[in-house]
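Numbering (our numbering), first residue to last: 6 to 451. The C-beta atom is built at its ideal place from N, Cα and C for all residues, glycine as well. Only a predicted model underlies this, so the values are computations on that prediction, with no experimental measurement involved. To start, the structure itself, in structure tokens.
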Amino acid sequence: MHVYNSLTRLKEVFQPLVEEKVGMYVCGVTVYDQCHVGHARVMVVFDTIYRWLQTLGYDVSYVRNFTDVDDKIIQRAQLANVDIDELTQSMIDAFHSDMDALGCLRPSLEPRATTHMPEMIEMIQALIDKGFAYVCDSGDVLYAVRKFEQYGQLSGKNIDDLESGSRVDVDHHKRDPLDFVLWKQAKPDEPSWDSPWGKGRPGWHIECSAMSCKHLGTTFDIHGGGMDLKFPHHENEIAQARAANGGEFAKYWLHNGFVNINAEKMSKSLGNFFTIAEVIEEYDPEVLRMFILSTHYRSPLDYSDAALDDAKKGLDRLYETKRKLGEAPITKLPQRFIDAMNDDFNTAEAMAVLFDTCRGLNKSNDDKLRGEFFAMLEAFNLLNHDADDWFQGEAEDTSAIDKLVQERDAAKQAKDYAKADSLRHELLTQGIVLEDTPEGTRWKKA
RNA sequence: GGCAGGGUGGCUCAGUGGUACGGCGGGGGAUUGCAAAUCCCUUAUUCGCGAGUUCGAUUCUCGCCCCUGCCUCCA
């Protein structure tokens with residue numbers, strides 16, 4: 006298997022540190038608000054990677070964090086006049102419900118920042134001891150970026166360029182404008198934890214370094230997240246972990262592309278986002294998963310209703326085939342599909358194999374193809390609905406429809422086509438489309 | 001300004017040193033009482049522009065144009 010490593014900007018052969026085992030850390034979300042389609046992409050992408058690694062036989066430890074202490078959380082809680090724990094817990098619940106809907110497996114572990122204070126404090130202390138961090142006049146602990154020689158390796162930036170183009174207001178307590186905070190002094194009415202530097206809370210970057218190292222070891226295989234986290238978040242994670250522990254940190258860095266709207270990044274700050282919850286009111290969550298998997302994970306993905314409609318139609322095509330086949334045993338994956346997935350998780354190419362197989366099955370119900378078809382669907386975790394439910398909706402009273410269908414069938418048998426067509430038209434006005442098959446007439450929602 | 005990633009048919013999205021995958025859509029045909037679904041054929045003289053390397057480039061190199069992102073929090 007080959008993966009594209011953002012750190013080297015090369016497609017590399019994937020070779021885990023320990024035979025048969027993979028440690029994978031993915032940056033999760035800050036739990037202050039509902040997740041949008043951009044978040045959905047990370048989660049579906051890494052869920053698919055997680056599943057694929059398991060398919061290849063790896064024993065995968067998949068760790069994805071929750072940032073549950075942060076400025077935005079504090080603000081939001083104050084604004085809504087709710088307890089911070091209440092807010093974060095409700096957002097975690099919402100997140101889990103989104104992930105379940107999208108068919109994402111729960112990671113092996115979902116650590117929360119607030120339950121890892123000792124680890125973070127220990128790492129910060131190590132950084133101070135080794136001369137990579139300092140306590141500034143304001144009492145905050147800062148990371149001295151210039152002490153870490155490889156700073157900028159991941160993002161391909163050099164410190165001097167960063168400074169000249171810096172948009173950051175210079176904090177005069179900092180020795181260098183690029184230094185970032187490891188531990189913030191508590192302000193009144195903010196949640197805080199005791200530390201050697203007084204009551205305070207951790208900076209964002211230290212959370213991920215501390216939690217990933219705690220749960221996966223100081224050196225592990227894969228670190229993933231959205232492209233926007235590359236700098237400064239992941240750059241800082243590397244600087245922290247490597248300086249504190251010595252040695253390497255994550256071996257392979259995987260970054261997924263953004264979800265765009267009208268060629269612009271979907272983001273909270275631009276306000277051009279759709280939450281997952283909003284989208285799945287209109288579309289089955291599987292449509293969103295299909296939409297995400299139809300493009301390579303590193304490419305930009307343009308979100309639009311038309312794009313989701315296309316994804317839905319593709320799914321319809323697949324479900325037509327499933328409806329015809331019924332349930333079937335899963336056999337092995339076709340080699341072309343395996344090759345595509347092994348080539349940096351090329352789901353778009355793999356999807357082409359799925360559709361080719363679909364066409365093959367529509368031509369002839371071949372045992373081999375049938376088993377492969379379902380094996381691919383399992384790898385993608387798609388088509389989990391019963392085919393009839395997909396087209397007709399679940400648990401609805403369809404007796405009125407069935408009655409009209411029967412009436413039309415009778416008319417059709419009697420060759421009273423005028424009546425049959427008028428009944429069919431009547432159903433169509435209700436959004437019901439009929440299909441006459443050798444096995445009889447069936448219907449679906451338009 | 002620095003850095004990163006893009007520009008492939010009507011839309012979308014893969015890919016390759018020897019004229020291009022799949023999905024959606026359009027056109028034609030088969031099937032059907034007619035449809036729907038499905039199948040077949042068709043829909044890019046060509047992969048942003050210019051030059052170079054090569055027997056041959058969309059794919060490699062260089063230059064240019066355009067787009068997006070990161071450089072503050074961001075998946």
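In the three-state reduction of the DSSP assignment, Cys213 falls in the helix class. Under the three-state reduction of DSSP output, Ala425 falls in the helix class. Proximity of the region 257-269 to the region 311-325 falls short of the contact definition, fewer than three beta-carbon pairs being nearer than 8 Å. CA-CA distance, Leu12 to Asp289, rounds to 36 Å. Under the DSSP assignment, Glu440 falls in the beta strand (DSSP E) whose first and last residues are Ile437 to Thr442.
Assigned with DSSP and collapsed to three states, Gly445 falls in strand. Nearest to Val186 by C-alpha distance, out of Phe342, Glu325, Leu374 and Ile129, is Ile129. The beta-bridge partner set that DSSP reports for Asn250 is empty. When the beta-carbon positions are compared, His210 and Gln245 come within less than 8 Å of each other.
Look at the region 20-101 and you find these whole runs of beta strand (DSSP E), each 3 residues long or longer: 26-35 and 64-72.
The bridge partners DSSP lists for Pro290 come to none.
Burial check for Lys337: the Cβ neighbour count within 10 Å stays below 16, so the residue is exposed. Taken through DSSP and simplified to helix, strand or coil, Leu183 comes out as coil.
Shown here, Trp395 sits in a helix according to DSSP, grouped into three states.
The C-alpha of Leu61 lies about 13 Å from the C-alpha of Ala380. Under the DSSP definition of a beta bridge, Trp188 partners with Val146 and Pro207. Listed in chain order, the beta strand (DSSP E) elements of length 3 or more contained wholly in the region 249-284 are 255-261 and 264-266.
The criterion of a C-beta distance shorter than 8 Å is satisfied by Arg294 and Leu387. Judged by DSSP secondary structure, Ala131 falls outside any beta strand (DSSP E) and instead within the alpha helix (DSSP H) spanning Met122 to Asp134.
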